[in-house]
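For reference, each letter of the sequence shown is one residue, going 1 to 88 in the numbering used here. Built from N, CA and C at the ideal position, the CB exists for glycine as well.
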Amino acid sequence: MSDAQGFARDQLRAFIERIERLEEEKKTIADDIKDVYGEAKSMGFDTKILRKVISIRKQDQDERLEQEAILDTYLQALGMMPVAEDAA
1 MSDAQGFARD QLRAFIERIE RLEEEKKTIA DDIKDVYGEA KSMGFDTKIL RKVISIRKQD
61 QDERLEQEAI LDTYLQALGM MPVAEDAA
């Protein structure tokens, strides 16, 4: 086997091993997050709402406001929310 092939093989092995380590770290972090949600639930918090709050906090403010406005429009159209009256 040439040195180039050996080098490529070593690089490939290094990439695979790095990915495997990161996957294991990701699993550990996911388990830690699950534990925190469990702890919050045991304290009486609604984990479904906590997940929603975290999702909202990740969004850009303008994006969030736009989504809320569209949601309000849809809910009003379905009669699930009172129609906002103009202040004029």
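Checklist entry - How close, in whole Å, do the beta carbons of residue 37 and residue 47 come, if the pair is a contact with beta carbons under 8 Å? => result 5 Å
Checklist entry - Pick from 64, 63 and 84: whose alpha carbon is nearest that of residue 73? => result 84
Next on the checklist: DSSP three-state label for residue 91, please.
Outcome noted: With the chain covering 1 to 88 only, the question about residue 91 has no answer from this structure.
Next on the checklist: Could you tell me the alpha carbon to alpha carbon distance between residue 82 and residue 76, rounded to whole angstroms?
Outcome noted: 6 Å
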